[in-house]
Every structure is written in C-alpha cells, then in structure tokens.
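Visitor: With this note's numbering, letter number 256 in the sequence shown gets 257, and the count goes up by one each step, no holes. In this text, a Cβ means the ideal position worked out from N, Cα and C, and glycines have one as well. Predicted model only: the values in this text are computed from it and were never measured.
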Amino acid sequence: MEKVKAAIIGSGNIGTDLMYKLQRSEFIELTAVLGIDPDSDGLKRAREAGYQTYSNGIKALAENPDLAEIVFDATSAKAHVRHSKILKDLGKMVIDLTPAAKGPFVCPPVNLGENLESENVNMITCGGQATIPIIYAINQVADVTYGEIVATISSLSAGPGTRANIDEFTVTTRKAIEKVGGADCGKAIILLNPADPPILMRDTIYCKVKNVNKEAIQKAIKDMVKKVQEYVPGYNLKQEPLFDSDQVTVFLEVTGAGDYFPSYAGNLDIMTAAAAKVAEDYARYKIEESLYGGIKKERAITNET
C-alpha cells in the first residue's frame, strides 16, 4: 500500500511515543526522528528501530526536504514559532503538538474533516484533546454558555516540555474550548498531582447550558466517548454525568496505551494518539485524492474529447 512519508521533530517523551504509534500505521511511513541531543533516549530508540536520526534539529529537514511530506513538531511552543515559518517555506504539512497555535485548532472527532487541507494544524493540549469533544457534544444539544475544564495529571507524567508550557496550556485550551468546543466562554485549569503511586489522567468538565435535556445530553456524551475510543481505547467516563439545575458535570479518566509512557500518562498518550489520527486521515485523504482524483480527471478529459 502506498504511504505518505513523515518525520518527527523532537526526540523527547512525546516524539518517542509518537514514533511507536506511527509504526503501526497503514498510511504513514516514518522516515526520520530529529532531535538536538545525540544521546537522548528517543534518538537511541529511533536508531535501533531503523529510522534516520539527526541531532541538529530542524536544520536536518531544511537540508533534506525530501525526508517527509508530513512533519510532527513535538518540541515546545517557543520553538514551534520559529519552526512554523521554516516548514511553511518547505511546503510541509505540519502537525503541531505544542501549544503554539500557529495554525487552526484540531480535535479529531470534532473538526478534522474541515482541516485536512490546512498547512499547519495545532493539537491544542492534552486537556483540550480529552475534554473538548465532550463540550462540543453537549453544545450540539444543549447550547453551552460556559465551559470549564480541570485536567489533573500525574506529576511524573509532566516532563520539562509540559512544565515549560503550562501558561500556554491554560490560554490555548481556553481558546479551543470556545472556538472548537463551541462554549460561549471557556476556562482551563491544569493540576499536577505528586501522588505515589501515580494517578491516571482525570478530567472534570463543568458546563452551564441553556437547554437541559438530560436524555439528549447523556446520549451525546456517550456517543462522543465511543468516537474518541476509536483512537484512544483508554478513554472512559468515570461515572454517569451529573445534573444540577443548568449545570452538567462530566468526569473522565484516560489510561495510556503503554507504547512508551507508563499507562498512567494518559495525558501524553492522548496527544500522540490524536496526532497520529490526524496524520493517518490526512495521508488517506492525499492517497485517495491522488488515486481517485487522477481517475476522475482522466475520465473528464476523455469525456471532453
């Protein structure tokens, strides 16, 4: 089967876990992992897996533009601001796993289809990927006036990149709650829990709504959970939604797949799973466009003559 070439910039936790997920892809051919520390565990694992590795970061892609059509940026928000211009000039499709938000926010079960032709898509944040599908689902049937999320993750699952981006996390997630989730007003909070043994990722969603139809809201939530579970199997409702006047409260728990991270790091796993989902759908779209678009064009020319 034809595949679309991809490369990962960033050999830290996110980039390494993403590498393992892409190994299972039917539509993505991972060619290279780019980092800045030649001795990093990520680059070591990438070499052992047979991928090309570089320790000069994005410069390697600029020097070898044929490495990939799709580029995942798993570095930091500040780094992506610089990377985005370089990647745009190279004509790459970029999947941004930082909170830089240089391109449109994308949450696979909500708005992936309308962004398949975007040059640079932003995966929001772990909290955003976990909670925005639910806010969107509720908004479709109940009109959310206020959406607030609290993402609680294990301190051990928050690496240097996550900690460096906490300010961006709150701002980016809030914006996405409104722009993608559809809430009139949003708020985002992240908590790092130092408990030992580490806790699983847990998310609490508070929505104030105009139309309280319990059956419609419950169905919308459960249908959306099933959609997310298609690419994040460990995504589950912790309990039934709670209703109090015009407020709906939803409790989620995310267990990681254990590809590279421990299973408690569902916050990291949901980001890489969502990014892989975006890449696969984009690759499928490009392959089908190339195959069937070419056939349609051929038929049109034949009909004209």
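(1) What's the C-alpha gap between Thr54 and Asp42?
(2) Can you tell me the Cα-Cα spacing of Gly36 and Ala276, whole angstroms?
(3) Please report the residue range of the beta strand (DSSP E) in which Ser85 lies.
(4) Hey, quick one: how far does the alpha helix (DSSP H) through Val229 stretch, first residue to last?
(5) Spell out the partners DSSP gives Gln240 in its beta bridges.
(6) Take Thr306 and list the residues in its own chain whose beta-carbon comes closer than 6 Å to its own, dropping the five residues that flank it on each side.
(7) Classify Val145: buried if its beta carbon has 16 or more other beta carbons within 10 angstroms, exposed otherwise.
(8) Can you list, in chain order, the residues of its chain with a C-beta nearer than 7 Å to that of Val181? Leave out the 5 residues immediately preceding and following it.
(9) CA-CA distance, Thr126 and Lys93?
(10) Need the endpoints of the alpha helix (DSSP H) that Glu169 sits in, please.
(11) Does DSSP classify Cys108 as helix, strand or coil?
(12) Tell me whether Ile15 sits in a helix, a strand or coil according to DSSP, three-state version.
(13) Nearest-angstrom Cα distance between Gly104 and Met124?
(14) How far does the beta strand (DSSP E) with Leu62 in it reach, from first residue to last?
(15) Smallest Cα separation from Ala217: which of Phe170, Glu64, Val34, Ile139?
(16) Smallest Cα separation from Asn65: which of Ala8, Ala101, Ile96?
(17) Pull up the distance between the alpha-carbon of Val233 and that of Ser85, whole angstroms please.
Guide: Well, looking at it:
(1) 12 Å
(2) 18 Å
(3) Segment 78-90 is the alpha helix (DSSP H) holding Ser85; no beta strand (DSSP E) there.
(4) 215-230
(5) Paired residue(s): none; Gln240 is not in a bridge.
(6) The predicted position of Thr306 is uncertain, since its pLDDT is 37 and thus under 50; no value can be drawn from it.
(7) buried
(8) Phe106, Cys108, Val111, Asn112, Ile133, Tyr137
(9) 22 Å
(10) 167-180
(11) coil
(12) helix
(13) 9 Å
(14) Element bounds for Leu62: not the beta strand (DSSP E) but the alpha helix (DSSP H), 59-64.
(15) Ile139
(16) Ala8
(17) 27 Å
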